[in-house]
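Here's the structure we're looking at; comments come further down.
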Amino acid sequence: MVDADSTQDKVRIIHVGLGGWGGDWEKNAIPPVTEVERVAIVDAHEPTLRAAQKTLGLPDEVCFTSLTEAAKAVPAEGVVVTAPMTFHVPVALEALDAGLHVLVEKPFAGTVAEARTAVERAEELGLVLQVSQNYRFYPGAQTARRLIAEGAVGDLSVVHVDFRRWDHDEPAGTYRHYQFPHPLIYDMAIHHFDLLRMTTGREAVSVYAKVTDPPWSRYTEEASAVLVVELEGGLVCSYRGSWVSRAPQTAWDGEWVFDGADGYLTLTGRGDDGPADDEVRLGLRGRAAEPVELPTMELWGRSAGLRQFARAVRGGAAPDVTGRSNLGSVALMEAAARSAASGRVEQVERTGGTSA
Ligand SMILES: NC(=O)c1ccc[n+]([C@@H]2O[C@H](COP(=O)([O-])OP(=O)(O)OC[C@H]3O[C@@H](n4cnc5c(N)ncnc54)[C@H](O)[C@@H]3O)[C@@H](O)[C@H]2O)c1
């Protein structure tokens, strides 16, 4: 039995992509995970690499502008990829071909076809490929999933999700979020799509997305939309998401209502300060909703996923979100983006993924 806490048994990881979110991984997500040791950093942009090197106080020998160079120079077992989405699969393939296990940020890829290339390569090589869907690892989302699976509200009749943020105070042309591809659907709604599969245990079948951007939006592509998602068994989810909302702001999870035959469940959470903002309420047979006690979690969010990664690399259980199981979330995201452009209902590719 491996003692995951002893230094020599730590999983040695190379961290690729030290931009805004990668820096936050270094500060907040990696340090609590005793099962890993970050042994090298990689950023393709030299000034970003050097800035990260300085912040982290690292010697030149462990800082690289190429993953292949890093993998040759520093013995490692895994890679954490926090580069932007377009680089996820190329970097994942580079890592897998170097014999390294991969944990990659969301969104895994822009298309199922691209994501599948990495899934298949990992399976051929027998390496772990995991996607960091960090919103799953919060007590609110996990409790909602458990209660729904236990039938606490009976058969679901409909799910409603609202996400509202005001992210519109930067001058046009200077703020990179305004140029993101599909800033609502790729960058944000992917979290909610993944939670929808997780909490209901159902795969999406079709989606209609109506973009609702106001004429003054500074975003190049959709920053707000209303979606209708049909899931297996005819269950419908209404989803309203916006980066340009003046209405009361939601937590990152958004605000969820799971309406069932015997009652309803509400969920919100994934606040900026950890699980303390999570809240689940249960209202049964017309009675007012009562808060549900949530479990305490030693690690949550990205750190909880990273711990699963380390344990899977050491031969333990597969992580909750493998590359393959995440294909269903990518498929819904891809179809939603297609619908936003086509104005039609789009079928969601059936990937054979599971929503567990
Ligand atoms: N899960 C969450 O809650 C959450 C929150 C924010 C961002 N993210 C995700 O994190 C990822 C990174 O976002 P960000 O805001 O930090 O982006 P960013 O643009 O600030 O940083 C990305 C960094 O990756 C580097 N890079 C690009 N290609 C590379 C390559 N091939 N090899 C090495 N380095 C490379 C860039 O030079 C840059 O420094 C995105 O996928 C984003 O969706 C997730």
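Residue numbers (the UniProt record's numbering): 1 to 356.
Every residue, glycine too, gets a C-beta built ideally from N, C-alpha and C.
Grab me the residues of residue i's own chain with a C-beta within less than 8 Å of its C-beta, minus the 5 sequence neighbours each way, in chain order.
i, result
"D277", "A251, T268, G269, R270, G271"
"S245", "R164, R165, W166, S224"
"A247", "R164"
"Q347", "V205, S206, A335"
"W300", "F137, Y138, P139, G274, P275"
"E124", "none"
"L56", "E26, I41"
I'd like to know if residue i contacts chain E, where contact means its C-beta is closer than 8 Å to some C-beta of that chain.
i, result
"R218", "As a matter of chain content, chain E is missing from the structure shown, which is built from one protein chain."
Exposed or buried, residue i, counting other C-beta atoms within 10 Å across all chains shown (16 or more means buried)?
i, result
"S342", "exposed"
"D162", "buried"
"N28", "exposed"
"G202", "For the record, residue 202 in the displayed sequence is Arg; it is not Gly. Classification of R202: buried, given that the 10 Å Cβ count is 16 or more."
"G315", "exposed"
"A172", "exposed"
"G151", "exposed"
"G99", "exposed"
"A331", "buried"
"G352", "exposed"
"R344", "exposed"
"R145", "buried"
"W216", "exposed"
"T143", "buried"
"D253", "buried"
"Y249", "Position check: residue 249 holds Gln in this sequence, whereas Tyr was assumed. Burial call: exposed."
"A337", "buried"
"R176", "exposed"
"G323", "buried"
"A73", "exposed"
"T174", "exposed"
"V234", "A small fix is needed here, since residue 234 is Gly in this sequence, not Val. The residue in question, G234, is exposed, as its Cβ has fewer than 16 Cβ neighbours within 10 Å."
"T86", "exposed"
Residue i: which of the options sits nearest, CA to CA?
i, options, result
"V158", "G352, V257, E346, Q53", "V257"
"G286", "E105, A340, V153", "V153"
"R311", "G78, G57, L96", "G78"
"P275", "Y138, Q53, E120", "Y138"
"A76", "I13, D155, Q133, F87", "I13"
"Y264", "V211, S303, A288", "A288"
"P90", "R146, R121, W243, D60", "R121"
"G260", "D155, A149, H101, D60", "D155"
"Q117", "K106, E94, Q133, S132", "Contrary to the premise, residue 117 reads as Thr rather than Gln in this sequence. It is E94 whose Cα lies nearest to the Cα of T117."
"E26", "L58, V119, K10, E230", "L58"
"E35", "Q308, T199, P319", "Q308"
"K210", "P47, S339, P32", "S339"
"R232", "G126, L294, R197", "Going by the sequence as given, residue 232 is Glu instead of Arg. Cα-wise, what sits closest to E232 is R197."
"residue 361", "Q130, K54, E61, V119", "Residue 361 lies beyond the range of the chain shown here (1 to 356); nothing can be said about it."
"R38", "V62, M297, H45, A51", "V62"
"G328", "P319, A109, L103, L147", "A109"
"Y208", "V228, T199, H101", "V228"
"P319", "V102, E221, M297, A189", "V102"
Using a Cβ-Cβ cutoff of less than 6 Å, which residues in the same chain neighbour residue i once the five nearest sequence positions on both sides are dropped?
i, result
"residue 402", "Absent from the structure is residue 402, since the part of the chain shown begins at 1 and ends at 356."
"R240", "D162, V226"
"L195", "Y135, A141"
"T111", "E334"
"E349", "V112, A331"
"Q133", "K106, D194, V321"
"R281", "T266, A289, P291"
"V33", "S303, L306, R307"
"H160", "S238, V257"
"H191", "Y135"
"F180", "D187"
"G283", "G263, Y264, A289"
Output needed for residue i: all residues of its chain with C-beta closer than 7 Å, excluding positions within five of it in sequence on either side, in chain order.
i, result
"G17", "D43, V81, T82, A83"
"S6", "For S6, the pLDDT reaches just 49, beneath the cut-off of 50, and the residue's location in the model is therefore unreliable, although a value from the coordinates is still provided. Same-chain partners within the cutoff: there are none."
"A149", "G201"
"A70", "I14, A40, V42, F64"
"T68", "E94, A98"
"D3", "Model confidence at D3 stands at a pLDDT of 48, short of 50, so the residue's coordinates are unreliable; what they give is reported in the following sentence. Excluding positions up to five away in sequence, the list reads D9."
"E114", "V89"
"P214", "V244"
Taking only runs that begin and end inside the UniProt domain "GFO/IDH/MocA-like oxidoreductase" (142 to 265), name each unbroken beta strand (DSSP E) of 3 or more residues, in chain order.
156 to 164, 204 to 211, 224 to 231, 236 to 242, 255 to 260
Counting only runs of 4+ residues fully inside the stretch 301 to 346, write out the alpha helix (DSSP H) ranges in chain order.
301 to 313, 327 to 342
Restricting to runs no shorter than 3 residues, where is the beta strand (DSSP E) found entirely within the stretch 56 to 139?
78 to 81, 101 to 105, 129 to 132
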